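Quick note on the working numbering: the sequence shown kicks off at 19 and runs consecutively.
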Amino acid sequence: MRYIYNDNGELIPYKQGSRDKFDFTSVYDRETFKFWFEHDFLPELKTKYPDNIFLKHLNVGAFPDNFGGSYTLATLPINMMSVSEADEDAFALYSNHFVMIKNNKERIGDVPIGSGSYEYTNEELFFIYNLLINKNRPGEFALTRIFDTSIWEYITNPNKPLNRVLEFFNFEGMMLNEPGLKFSKDDYSR
19 MRYIYNDNGE LIPYKQGSRD KFDFTSVYDR ETFKFWFEHD FLPELKTKYP DNIFLKHLNV
79 GAFPDNFGGS YTLATLPINM MSVSEADEDA FALYSNHFVM IKNNKERIGD VPIGSGSYEY
139 TNEELFFIYN LLINKNRPGE FALTRIFDTS IWEYITNPNK PLNRVLEFFN FEGMMLNEPG
199 LKFSKDDYSR
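Listed below in structure tokens is the structure:
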């Protein structure tokens, strides 16, 4: 049996579709979102898009932690930090297949994924996952580079409406270029 955290931080039995809203200020909801993404959302997408190479090669695996236990993580089978020449073709294929599904809005059962009247796109859900897991930093297992196509699309078409992913990058860019803000190396090492 699988367990998730409820709003009080208690472990409760998990059943698919048992959570439809997440408050990311809560560590319990962040962990539950991660669990939901890896155990409900990804398998649902893989079933819906069985020929999508990005989804086919994106697997959830267990990795050892520093405390003798393990944690799970959705990763591609290439080093995403420094894609080698040998992996460039694979990365291009993953990127192209991600683009094929990124703007779709999914439902888990009959429930749209989102809050209020806003339904999230696949790209936004992958971005939230990557932000929670990797803080949107590049890394060997991080999905950060997969969003490069979205940034490039916006650079080449600045009239394109901003989705939440592009809004984040736009906000982050404004913060880095704001003359009144003072940053130190500590701001980048967290």
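Even for Gly, the Cβ is constructed at its ideal location relative to N, Cα and C.
Since the structure is predicted, the reported quantities are computational estimates derived from the model, not experimental observations.
- With contacts defined by Cβ atoms closer than 8 Å, K120 and E141 form a contacting pair.
- Judged by DSSP secondary structure, P82 falls within the beta strand (DSSP E) whose first and last residues are 77-82.
- About 6 Å separates the Cβ atoms of K52 and L150, confirming a contact at the 8 Å cut-off.
- Contact check for T162 and N154: beta-carbon distance about 6 Å, within the 8 Å limit, so the pair qualifies.
- Here DSSP, grouped into helix, strand and coil, assigns T167 to helix.
- Judged by their CB atoms, F81 and L94 are not nearer to each other than the 8 Å cut-off.
- Taking C-beta atoms as the reference points, Y147 and F55 count as a pair closer than 8 Å.
- For S113, the CB contacts under 7 Å within the same chain, skipping 5 residues up- and downstream, are I164, T167 in chain order.
- Residue state for E106 is assigned as helix, using DSSP reduced to three classes.
- Sorting L60, T43, F159, D69 by C-alpha distance to the C-alpha of N97 places F159 at the top.
- For T162, there is no enclosing beta strand (DSSP E), as DSSP marks it with neither H nor E.
- In this chain, the beta strand (DSSP E) harbouring T90 covers 88-93.
- Cβ contact annotation for L63 (same chain, cutoff 6 Å, sequence separation greater than five): L73, in chain order.
- Closest by C-alpha distance to G79, out of I71, F85, N70, Y89, is Y89.
- Cα atoms of H75 and S44: separation of roughly 31 Å, rounded to the nearest angstrom.
- K153 carries a coil assignment under DSSP once its states are collapsed to helix, strand and coil.
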